[in-house]
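Note sheet for the following structure.
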Amino acid sequence: MPQQAKTTLESDGAMRPRRELPKAYDPAAIEERWAAYWVEQRLFEVKTQPVGSHDRAFTVLLPPPNVTGNLHMGHMFEHTESDILVRWHRMLGETTLWLPGTDHAGIATQMLVERLLVSEGTSRQALGREVFVERVREWRRHYGGAILASMKRIGDTVDWSREYYTMDENLSVAVREAFVRLYEDGLIYRGAYIVNWCPRCQTAISDLEVTHEEQQGKLWEIRYPIIGSPGEFLTVATTRPETMLGDVAVAVNPLDERYTHLHGKTLELPLTGREIPVIVDDWVKSDFGTGAVKITPAHDQNDFAIGQRHSLSAISVMDETAHMSAAAGHYSGLDRYDARKKVLEDLDTQGLLGAVRDHINAIGKCARCQTVVEPRLSTQWFVAVNKTPNKGGDSMAEMARKVVQETRAGDPKSKPLRFTPENYERIYLEWMNNIYDWCISRQLWWGHRIPAWHCGNCKEITVARQDPTHCAHCGFDQIVQETDVLDTWFSSGLLPVTVFGWPPPPGESTPDLDAFYPTSLLVTGFDILFFWVARMIMLGCYFSQDILMPNGSRPPLRESVPFREVYIHALVRDADRQKMSKTKGNVVDPVMIVEKYGTDAVRFTLASMASPGTDIAFSESRTEGYRAFANKIWNAARFIFMNVERAREAGIEIDPSLLGQAPTVPGSAPLEARWIGARLNSVAAEVSAALAAYRFDEAANLVYQYFWGDFCDWYLEIVKLRLDFADPANKAATRSALTTLLQTFEAALRLLSPFMPFLTEELWHALYDDQPPAKSIALTLYPLGAAHSDDVAEIDFPLLQELIASVRAARKDLGVEEKAMVPIRVRPLNDGLPFGNNLDIIQRLAKVSRVAFVENFLEQDVVFDAAGDFGSIRSTPNFDVQVVYEKTIDIPAERERLTKELTKLEKALASAERQLSNPAFLDKAPTHVIEGLRKMEADTRLLIEKTRKALDDLTQEGRG
Ligand SMILES: [Zn+2]
Ligand SMILES: [Zn+2]
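Residue numbers (this note's numbering): 2 to 961.
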């Protein structure tokens, strides 16, 4: 690998990009090499410094991928955007830290290892908790690094020395500390609650982990006999009849006159022999179902709330596997759906089943395993997010609201925490305004076990930083640790403080918290806005309150946020704008795409399509296009290197110390040299502005236009005029042109580097003949102010471009042969047009043999001594131009060409028509293919018409 070799440079003193570049650009041949180099050389590590010695850094916390995961297109996109920003900030000269890690992913990892155990003929239960947890650790040691390897391969410039894992010892200690502090502050409690229960995963899952679906179901009416009124019934309607076994009341609306006479009465609960009251509650809607609602507090969220209001008991009739429990009497042991069938049969037999209607049910499924979730009453641990802590101050939710609302002098940009796109602030606030206590316990074995012990004597709970041996309340020594673990989002919600060494010693900060907290930016997807982003904000604000500022005071809210900005990126969909999913089979594997086109092309595709708030329809054809872009740059480099070689042979050496410096282009220099440097300045500033506003699409397109359009299509073409290695009289001019060319190319590589890091690294090292001034182009500065600005050149050159473009268009219309040199007539409409001094450019780029400046376009041209129809005059506000060209046509040859063309078009049309009239094809082919074919058919018809007309005209002409 290249090392810094300054001595060689000094002793030799010549620019020698002699390292031969292979003919073809082959990303596979360069990318893996540089990816490994960046990691080996530890280029992106940021050292810990003593407290107070750091400048504020640009810090980004990578959303930790699940340790079970593989890199998918969503990651690829998120990492592309993040890496572009991180590389750009680093090149602005800022201390830049991008911090990587992985999440232990409680449910996902446990499920995966459980499945493995089943395939081995054993189970989690058979192994026991300790052995199982060890098994999971072992699995992670062997297979947990897949996604990290992919991140290395795609060139993420994270600081690998700081890589963490949420189950690391130090992070686990911090998680425990956070739990204990919240408990001591009165913000953690244990309580009975209705949770979403997955009978397969056998754990509570959060609302956010439930996917809601609509399903065709039934609404059954059941008649409950009224006690004391034989033959009279109160009819309820339900979608889950098996839960009636746990009913404790029937509620009606107090204003519902149909039921006024039943207030205070009791009912006989069928199939159980129990007696239950009729109660009144405003919550009941008279117009839904029969207006009488069965109340099952242990199996429904709303019923639970009513039960609390009316002090009703709760009867659980199902166990944790969704089988009926002992409380369900002789239905005990039946699966919930078998019990439903049996209950309905029995009710029917007894004549208590009323009408049965079709009904669209909203059902919830476990997002992990697709099992229908059962609302279940259980004892769980909660964080009281709306409660004032014992020590005083705002509730967590209150703080989390203030940080997006507080402004200085009403300036929205001054908010402590800002969202991009802005509309996410409203969505976030809406959620935060309606937030409930957060259930943080999970009935899993894999995760941070809750540091609480239950006393066998007094039943009190002991929560402690060190494992206790005795009950803190009665001193009894038979205490048992809580079996639940913490929700994965509890530990990941703490990451912004824990990764920097929280908790610091009392009254102090840690060097890393001091330097890197608050972090600068979080780049993430909408799907984890509530799961993760909102919780990081609550926990980050809460715990950073204890970290004192260097002056010893508590931090203001502004310094408490975990990140100052949140950028929510879009989703990557397939080319037809469909969501990628395994069931649809339209998942694009980024690793395969990277192998096919190179990381740089994939990154550029994603960046160029990333306009805020718009999902990306990923298409390979775009990627192919950007691969061609990379190829174009490669070829430009080869052309440049070849000329450096030719210059050396002609005795022209370029001083290598000039490379990497702003080109010094005097006002007397050729226009293109002044213009290309000035353009670079403007483009670099525009790209920076776009990146600062997260307009990745604009930034990428600016770079693309500069490199392909300005640099390759214009500047390189003109520079060819200046490189004269034969005539010693032109030696100085050639050296000057070549120097500017090299300086501009080097700066342009830096401009492109954040977007295409591999290609630019390769070419940049080659440009310095593997003796570059830094270990990586990523460690150089972004080319802001890379050249002198030159307003005149930026005005003049586009005028020249406009003239050349006009001539090219006119040539095309007249059918001038590609290589023919033709004269033009130009009528300037303004003073000071840059044409007279740049005739050589006009002649070369527009293939013009001679330029005549005229005051009028006359029939008879005095300058060229030619007559006739020269084709139309092209007009612009600054000039008119006319190509002087009289077309002579070989009629028989032209007729033959047109006839051949017509035959070809007619064949194509026939084939398209055949396909479009084939029902089997129309059924199977994707919409975009069919649409493409229809468009082709219409275009071909038009071309046939035009060609026929041309043939007709030719025949007329032949006669005349
Ligand atoms: Zn599940
Ligand atoms: Zn006790």
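The beta carbon of each residue, even a glycine, is placed where N, CA and C say it ideally should be.
Because the structure is a prediction, the values reported are computed rather than measured.
Residue i classed as buried or exposed, judged by whether at least 16 other C-beta atoms fall within 10 angstroms
i    : result
H264 : exposed
T948 : buried
E79  : buried
V61  : buried
T941 : buried
V827 : buried
H300 : buried
T956 : exposed
I966 : As shown, the chain starts at 2 and ends at 961. That puts residue 966 outside it, with no answer to give.
Y598 : buried
T511 : buried
R915 : exposed
F858 : exposed
I842 : buried
N1   : Given that the chain is displayed from residue 2 to residue 961, the structure contains no residue 1 and the question cannot be resolved.
R971 : No information on residue 971 is available, as it lies outside the stretch 2 to 961 that the chain covers here.
I192 : Inspection of the sequence shows that residue 192 is occupied by Gly rather than by Ile. Counting Cβ neighbours within 10 Å, G192 comes out exposed, since fewer than 16 surround it.
D304 : buried
Q965 : With the chain represented from 2 up to 961, any question about residue 965 goes unanswered, as that position is not in the structure.
R310 : exposed
Chain-order list of residues whose beta-carbon lies under 7 Å from that of residue i (same chain, five-residue window excluded)
i     : result
G53   : D515 and P551
R1043 : Absent from the model: residue 1043. The displayed extent of the chain is 2 to 961, so no value can be given.
D248  : L270, I277, K295, I296 and T297
S173  : H449
S333  : M325, S326 and A327
R809  : A847
E164  : P101 and G102
N702  : S609
L785  : A685, A686 and S689
L965  : Outside the displayed range of the chain (2 to 961) lies residue 965, so it cannot be described from this structure.
E178  : R466 and P504
Close beta carbons around residue i, own chain, < 8 Å, minus the five adjacent residues each side
i    : result
Q203 : E321, T322 and Q444
Q579 : K585 and N587
F630 : A602, F605, Y705, F708 and W709
E895 : L955
S83  : V61, L63, W99, D157 and V524
Residue i: CB within 7 Å of a non-hydrogen atom of ligand 2
i     : result
E1043 : No statement about residue 1043 is possible, as the shown extent of the chain runs from 2 to 961 and does not include it.
C472  : yes
C459  : yes
C542  : no
heavy atom of ligand 1 below 7 Å from residue i C-beta
i    : result
R201 : yes
R125 : no
R443 : no
T1   : The structure shown has nothing for residue 1, since the chain only spans 2 to 961.
C440 : no
C456 : no
C713 : no
C475 : no
Contacts around residue i, its chain only, beta-carbon distance under 6 Å, and the 5 residues preceding and following it disregarded
i    : result
N632 : Y26
F527 : I569
T1   : Residue 1 falls outside the range modelled here, since the chain spans only 2 to 961, and no answer is possible.
H471 : D478
Residue i Cβ short of 7 Å to ligand 4 heavy atom set
i    : result
C370 : Ligand 4 is absent from the structure shown, which contains only ligand 1 and ligand 2.
Q.
Can you confirm whether the segment 663 to 674 touches the segment 716 to 723 when touching is taken to mean that 3 or more C-beta pairs between the two stretches lie within less than 8 Å?
A. yes
Q. Is the number of C-beta pairs between the segment 399 to 410 and the segment 523 to 542 that are closer than 8 Å three or more?
A. yes
Q | Contact the segment 431 to 444 vs the segment 376 to 383: 3+ CB pairs below 8 Å | A | yes
Q: Check whether the segment 127 to 139 touches the segment 62 to 73, taking contact to mean three or more Cβ pairs, one atom from each stretch, closer than 8 Å.
A: no
Q. Within the chosen definition, does the segment 753 to 760 reach the segment 643 to 654 through at least 3 CB pairs nearer than 8 Å?
A. no
Q) Is there contact between the segment 634 to 650 and the segment 734 to 745, where contact requires at least three CB pairs shorter than 8 Å? A) yes
Q. Quick one: any contact between the segment 418 to 427 and the segment 451 to 465, if contact means 3 or more CB pairs under 8 Å?
A. no
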